[in-house]
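S.K.: Quick note, the sequences are listed as chains A and B, same order. So the first sequence is numbered by this note's numbering: it starts at 1 and just counts up by one. So the second sequence is numbered by this note's numbering: it starts at 1 and just counts up by one. Just so it is clear, CB atoms sit at the ideal spot from N, CA and C, and this is done for glycine as well. Just so it is clear, the structure is predicted and the values come from calculations on it, not from any experiment.
2 protein chains.
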Amino acid sequence: MGANTTVTVDFGERSYPIVIGTGLLDGGFDLSEYVKGSDCLIVSNDTVANLYLDRLLPNLAGRDASSISLPDGEAHKTMATMQTILDELARTGAGRDTTIVALGGGVIGDIAGFAAACYMRGVSFIQVPTSLLAQVDSSVGGKTGVNHEKGKNLIGAFHQPQVVMIDTQTLGTLPDREIKAGLAEVIKYGAICDLQFMAWLEDNVQALLDKEPEALAYAIQRSCELKAEIVAADEREAGRRALLNFGHTFGHAIEHCLGYGEWLHGEAVAAGMVMAAELSGIDINEVSRLRNLIARAGLPTAPPQISAEDLLAAMTRDKKVKRNEMHFVLLNQLGDAYLTSEYDEARLHDICAASS
Amino acid sequence: MGANTTVTVDFGERSYPIVIGTGLLDGGFDLSEYVKGSDCLIVSNDTVANLYLDRLLPNLAGRDASSISLPDGEAHKTMATMQTILDELARTGAGRDTTIVALGGGVIGDIAGFAAACYMRGVSFIQVPTSLLAQVDSSVGGKTGVNHEKGKNLIGAFHQPQVVMIDTQTLGTLPDREIKAGLAEVIKYGAICDLQFMAWLEDNVQALLDKEPEALAYAIQRSCELKAEIVAADEREAGRRALLNFGHTFGHAIEHCLGYGEWLHGEAVAAGMVMAAELSGIDINEVSRLRNLIARAGLPTAPPQISAEDLLAAMTRDKKVKRNEMHFVLLNQLGDAYLTSEYDEARLHDICAASS
């Protein structure tokens, strides 16, 4: 077991630690000091609960911990599922000092966090992310929410956790495809704001695919550091936080056209990052460098067979929701991204047409 | 038309004005500067919309205003009703720069505010309260939410509005019983923290019942000033804000025992304040003074026929939700309240038994 690393997310009085290590489960890290009252409700799904629920309980020693299992998958990230958590809290008479513990991937964290935001106008919340995507992205920064049939994450709240506990050992049971999908968001941090990290990823991508613990721990740590810095400066995405959406305008359009779940979110973002780099009009060698890293991570570098019309329509649909121009996160160069509504329309069309 | 009065609720960057006046509707006060984007959704119910929707539109000149009508009454203050607002926003493709305008009493404001808190993780929100209770209490301070079958306001968010616009002319159409119920919360402010205001109320209670505009305007202004001061110091009710619950532990128990809607909230709080004053063990003349003012406002000074057992059980039920001791807001003397979990149990029993 290596030493733990702590990354602090600085929100003043609401600051919280992200603790990263191997062997934090089984009581290796004491979560009970973050549980204000006497009781907590662990929210998970059957798959994750079977693997890790019993191993999480020693971390909550001395607290009255009960649990609830949600149906698995993005399709169940709905108000109805969120309501089952609220019903359970109300049924057991949970008070304002209760704590919700999310044990699982991004879907579990988003739903459980939103329930924590709404119950009695906000109760405490702990994140124990078990997927790479959740560890490097969704568990950090306080975005919680559920999907609406008209759009992903359309309903939700900003609600920061008390602590995020990342045991990298949980990645041992994660399917390879989900490791790769998580790496897409890791590569994203390098591409938008840290060229040195990008170079490190180029040197270590195979070690990450081989799930070497030290490489994974560093990739997670650096991702959390970069995300923590960005969200602390812009909690509610009024500006800089939008850079985290690099590759996501294209990625969401791909997911929408294929139907959610066909490609994993990280896979769609991977292809979307290459498309966004192409739209940026930067040096072709820079685009190639990003494309090569994404390919070596076992991720798609181009969208699947979708007509340019469908892809553009899906992006325009995103635009309609925003009621203003289409926005893209583009690159000045690798490691330096910016948000803009100005882009080369002809090039955008060519990029979308090249996929079909 | 008199001059408008503005009370500022100080939340730093999120500070907002409460504008109080007669004739603010019909374009008498420009709300459009508080509507960030091009569009807004007015949330109301049929009764209020029939009276005031057309008169509110000139206040939103230059903005694309649509409206939705919710079913009337506390029984519809549910997640399902809140969802109809979210569905409407999603259906019309409302963006992050949309604004929700609550036109109505406390129920409308609470539901609409919660929808504003949740849509896209928070959009702008304007309160146009039309009942006295909403004008002096629920529209100020940012508490939003809906009921759960296990408890009132169990699900919600703190979400501050951009502006509160109070046109006292709307009280002209309010039933007398609701004017009286609103006065209960007005008297509460005097009892907990402003003896001078209490004396003013003793001098002006008849003018208020007669709906004299200047008296109403001052009562609303002073109530908003006192509430604004308390909530600005304690937005999330970690301490002092709890004083606003004076009379409410008893009041909620009365409402619960009778069934919600039998007595109005303000009526139950009125009786509850007398009971809380009795429990405080203060000079009997002080209790009489409060009882007399409440009686002169046409409000009940004792609970209806409920057995002591039922009343105490309902309060204990409240306690169970809080998972700790029963709390009361008591009086050191009139105009000086405090929160405590220490009280005379025998006296509590006597007070409850006296009602049956």
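Under 6 Å Cβ to Cβ from G37 of chain A, same chain only, skipping five residues before and after it: list those, please.
M.R.: The sequence position of residue 37 of chain A within the first sequence is 37, counting from 1. Cβ within range, chain order: D97 and T98.
S.K.: Could you check whether the Cβ of H256 of chain B sits closer than 7 Å to any Cβ belonging to chain A?
M.R.: Taking the first residue of the second sequence as position 1, residue 256 of chain B is located at position 256. Not an interface residue.
S.K.: Hey, how far is the Cα of T47 of chain B from the Cα of D72 of chain B?
M.R.: Taking the second sequence and counting its residues from 1, one reaches residue 47 of chain B at position 47. Taking the second sequence and counting its residues from 1, one reaches residue 72 of chain B at position 72. Each residue's alpha carbon lies about 8 Å from the other.
S.K.: Which residues in the same chain as N204 of chain B place their Cβ atom closer than 7 Å to its Cβ, once the five residues preceding and following it in sequence are excluded?
M.R.: For the purposes of this step, residue 204 of chain B is taken as residue 204 along the second sequence, with counting starting at 1. These residues qualify, in order along the chain: A215.
S.K.: What residue does the beta strand (DSSP E) around G145 of chain A start on, and which one ends it?
M.R.: Taking the first residue of the first sequence as 1, we reach residue 145 of chain A at position 145. Its beta strand (DSSP E) spans residues K143 to H148.
S.K.: When you compare the CB of G239 of chain B with every CB in chain A, is at least one pair closer than 7 Å?
M.R.: If you number the second sequence from 1, residue 239 of chain B lands on position 239. No, no contact with chain A.
S.K.: Which same chain residues, not among the five before or five after I351 of chain B, have their C-beta less than 7 Å away from its C-beta?
M.R.: As a first step, residue 351 of chain B is located in the second sequence; it is residue number 351 there, counting from the start. The residues are M275, E278 and L279.
S.K.: Here's the rule: buried if 16 or more other CB atoms are within 10 angstroms of the residue's CB, otherwise exposed. What is D110 of chain B?
M.R.: Counting from one through the second sequence, the residue named residue 110 of chain B turns up at place 110. Counting Cβ neighbours within 10 Å, D110 of chain B comes out buried, since at least 16 surround it.
S.K.: Looking at the secondary structure, which residues open and close the alpha helix (DSSP H) in which P213 of chain A lies?
M.R.: Counting from one through the first sequence, the residue named residue 213 of chain A turns up at place 213. P213 to A233 is the span of the alpha helix (DSSP H), which, as asked, contains P213 of chain A.
S.K.: Please name the residue, chosen from A:E229, A:V164, A:E262 and A:S341, that lies closest to L24 of chain A on a Cα-to-Cα basis.
M.R.: Counting from one through the first sequence, the residue named residue 24 of chain A turns up at place 24. For L24 of chain A, the nearest C-alpha among the options comes from A:V164.
S.K.: For the beta strand (DSSP E) holding Q127 of chain B, just list the boundary residues, first then last.
M.R.: Within the second sequence, the letter at position 127 stands for residue 127 of chain B. Segment S124 to P129, the beta strand (DSSP E) holding Q127 of chain B.
S.K.: Distance, Cα to Cα, A217 of chain B vs V107 of chain B?
M.R.: As a working note, residue 217 of chain B is residue 217 in the second sequence. As a working note, residue 107 of chain B is residue 107 in the second sequence. Looking at the two C-alpha atoms, the distance is approximately 22 Å.
S.K.: Name the chain B residues whose beta carbon is nearer than 8 Å to that of F11 of chain A?
M.R.: Taking the first residue of the first sequence as position 1, residue 11 of chain A is located at position 11. Chain B residues near F11 of chain A: none, gap ~15 Å exceeds 8 Å.
S.K.: Spell out a yes or no on whether the stretch 237-245 of chain B and the stretch 9-26 of chain B are touching, meaning 3 or more CB-CB pairs, one atom from each, closer than 8 Å.
M.R.: Cβ pair count under 8 Å is below three, so no.
S.K.: Any Cβ of chain A within less than 7 Å of the Cβ of F158 of chain B?
M.R.: If you number the second sequence from 1, residue 158 of chain B lands on position 158. Yes, F158 of chain B counts as interfacial toward chain A.
S.K.: Quick one: does H327 of chain A have its CB under 7 Å from some CB of chain B?
M.R.: Walking along the first sequence from the start, residue 327 of chain A turns up at place 327. So, not an interface residue.
S.K.: Please list the partners that K227 of chain B has in chain A, where partner means a Cβ-to-Cβ separation under 8 Å.
M.R.: Position 227 of the second sequence, counted from the start, is the residue given in the question as residue 227 of chain B. Ordered by position in chain A, no residue passes the 8 Å Cβ test against K227 of chain B, which lies about 17 Å from the chain.
S.K.: Between L290 of chain A and I192 of chain A, what straight-line distance do the alpha-carbon atoms span, to the nearest angstrom?
M.R.: Your numbering for residue 290 of chain A matches position 290 in the first sequence. Your numbering for residue 192 of chain A matches position 192 in the first sequence. For L290 of chain A and I192 of chain A, the distance between alpha carbons rounds to 11 Å.
S.K.: Just mark S341 of chain A as buried or exposed, buried being the case when its beta carbon has 16 or more other beta carbons within 10 Å.
M.R.: Translated into the one-based positions of the first sequence, residue 341 of chain A becomes position 341. S341 of chain A should be labelled exposed.
S.K.: Runs of 4 residues minimum, wholly inside the stretch 229-311 of chain A: which ones carry the alpha helix (DSSP H) assignment?
M.R.: Whole alpha helix (DSSP H) segments, 4+ residues: 248-258, 265-280 and 284-296.
S.K.: Helix, strand or coil, according to DSSP, for L51 of chain B in the structure here?
M.R.: As a first step, residue 51 of chain B must be located in the second sequence, where it is residue number 51. Helix.
S.K.: Would you decide whether A134 of chain B is buried or exposed? Buried here means 16 or more other CB atoms lie within 10 Å of its CB.
M.R.: Along the second sequence, read from residue 1 onward, the residue named residue 134 of chain B stands at position 134. Buried, by the Cβ-count rule.
S.K.: Can you tell me where the alpha helix (DSSP H) holding V163 of chain A begins and where it ends?
M.R.: Along the first sequence, read from residue 1 onward, the residue named residue 163 of chain A stands at position 163. No alpha helix (DSSP H) contains V163 of chain A, which is instead part of the beta strand (DSSP E) from V163 to D167.
S.K.: Please identify the residue among A:N245, A:L243 and A:V269 whose C-alpha is closest to the C-alpha of Y255 of chain A.
M.R.: Position 255 of the first sequence, counted from the start, is the residue given in the question as residue 255 of chain A. Rather than Tyr, the amino acid found at residue 255 of chain A in this sequence is Glu. Minimum Cα distance to E255 of chain A is reached at A:V269.
S.K.: Considering only the beta carbon of each residue, do R63 of chain B and D26 of chain B sit closer than 7 Å?
M.R.: Position 63 of the second sequence, counted from the first residue, corresponds to residue 63 of chain B. Position 26 of the second sequence, counted from the first residue, corresponds to residue 26 of chain B. Cβ atoms of R63 of chain B and D26 of chain B: not closer than 7 Å.
S.K.: Classify G182 of chain B as buried or exposed, calling it buried when 16 or more other Cβ atoms lie within 10 Å of its own Cβ.
M.R.: To locate residue 182 of chain B, count along the second sequence from 1; it is residue 182. Buried, because 16 or more other Cβ atoms sit within 10 Å of the Cβ of G182 of chain B.
S.K.: Is there contact between the stretch 193-200 of chain B and the stretch 145-158 of chain B, where contact requires at least three CB pairs shorter than 8 Å?
M.R.: No, they do not touch.
S.K.: Helix, strand or coil for A61 of chain B, going by three-state DSSP, please let me know.
M.R.: For the purposes of this step, residue 61 of chain B is taken as residue 61 along the second sequence, with counting starting at 1. If DSSP states are grouped into helix, strand and coil, A61 of chain B belongs with coil.
S.K.: Quick check: what's the CA-CA separation for Y260 of chain A versus S223 of chain A?
M.R.: Residue 260 of chain A sits at position 260 when you count from the first residue of the first sequence. Residue 223 of chain A sits at position 223 when you count from the first residue of the first sequence. The straight-line gap from Cα to Cα measures roughly 25 Å.
S.K.: Distance check for K227 of chain B and D137 of chain B, CA to CA, integer angstroms please.
M.R.: Position 137 of the second sequence, counted from the start, is the residue given in the question as residue 137 of chain B. Position 227 of the second sequence, counted from the start, is the residue given in the question as residue 227 of chain B. The alpha-carbon atoms of D137 of chain B and K227 of chain B are separated by roughly 7 Å.
S.K.: Which of the three DSSP states is assigned to A3 of chain B in this structure?
M.R.: Within the second sequence, numbered from 1, the residue matching residue 3 of chain B stands at position 3. In this structure, A3 of chain B counts as coil in the three-state DSSP scheme.
S.K.: Pick from B:A302, B:Q333 and B:M326: whose alpha carbon is nearest that of N285 of chain B?
M.R.: Here residue 285 of chain B refers to the residue found at position 285 when the second sequence is read from its first residue. Among B:A302, B:Q333 and B:M326, the Cα nearest to that of N285 of chain B is on B:Q333.
S.K.: Considering only the alpha carbon of each residue, which of A:I100, A:N59 and A:L51 lies closest to G28 of chain A?
M.R.: By 1-based counting over the first sequence, the position of residue 28 of chain A is 28. Comparing Cα-Cα distances from G28 of chain A to each of A:I100, A:N59 and A:L51, the minimum goes to A:N59.
S.K.: So the candidates are B:N292, B:Y189, B:F250 and B:I18; which of them puts its Cα closest to the Cα of Q206 of chain B?
M.R.: In the second sequence, residue 206 of chain B corresponds to position 206, counting from 1. That would be B:N292, whose Cα lies nearest to the Cα of Q206 of chain B.
S.K.: Where H248 of chain B and E88 of chain A are concerned, what is the direct C-alpha to C-alpha distance, given to the nearest angstrom?
M.R.: On the second sequence, position 248 is the one that residue 248 of chain B refers to. On the first sequence, position 88 is the one that residue 88 of chain A refers to. Distance between the alpha carbons of H248 of chain B and E88 of chain A is about 26 Å.
S.K.: Within the 7 Å Cβ cut-off, does I155 of chain A reach chain B?
M.R.: Taking the first sequence and counting its residues from 1, one reaches residue 155 of chain A at position 155. At least one chain B Cβ lies under 7 Å of I155 of chain A.
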